[in-house]
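In what follows, a single structure is set out as structure tokens and then discussed.
Residue numbers (our numbering): -4 to 44.
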């Protein structure tokens, strides 16, 4: 979901250290299309650290 005026996003990849949860990563909205792009998603998560 996105708010008014926000761009459309297929997936949300969010690192949560700013919320006091270092090392916790949310991967939201990744369903069947996520299988197709699993390797790029893994690379993005890897690059967060």
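Note that the Cβ used here is the ideal one computed from N, Cα and C, for glycine as well.
Start-to-end residues for the alpha helix (DSSP H) that takes in residue i
i, result
"residue 22", "Careful: residue 22 lies outside any alpha helix (DSSP H), inside the beta strand (DSSP E) at 20 to 23."
"residue 30", "27 to 31"
Residue span of the beta strand (DSSP E) that contains residue i, given as start and end
i, result
"residue -3", "Per DSSP, residue -3 belongs to no beta strand (DSSP E) and is neither H nor E."
"residue 11", "Element bounds for residue 11: n/a, residue is neither H nor E."
C-alpha distance - residue i paired with residue j, whole-angstrom precision
i, j, result
"residue 6", "residue 22", "7 Å"
"residue 42", "residue 25", "18 Å"
"residue 3", "residue 30", "20 Å"
"residue 1", "residue 34", "26 Å"
C-beta contact flag for residue i and residue j at 8 Å
i, j, result
"residue 20", "residue 8", "yes"
For residue i, three-class secondary structure by DSSP
i, result
"residue 44", "coil"
"residue 35", "helix"
Any chain B beta carbon closer than 8 Å to residue i
i, result
"residue 27", "As a matter of chain content, chain B is missing from the structure shown, which is built from one protein chain."
Residue i Cβ short of 7 Å to the ligand MG heavy atom set
i, result
"residue 43", "Annotation note on the ligand MG: not contained in the displayed structure, which lists no ligands."
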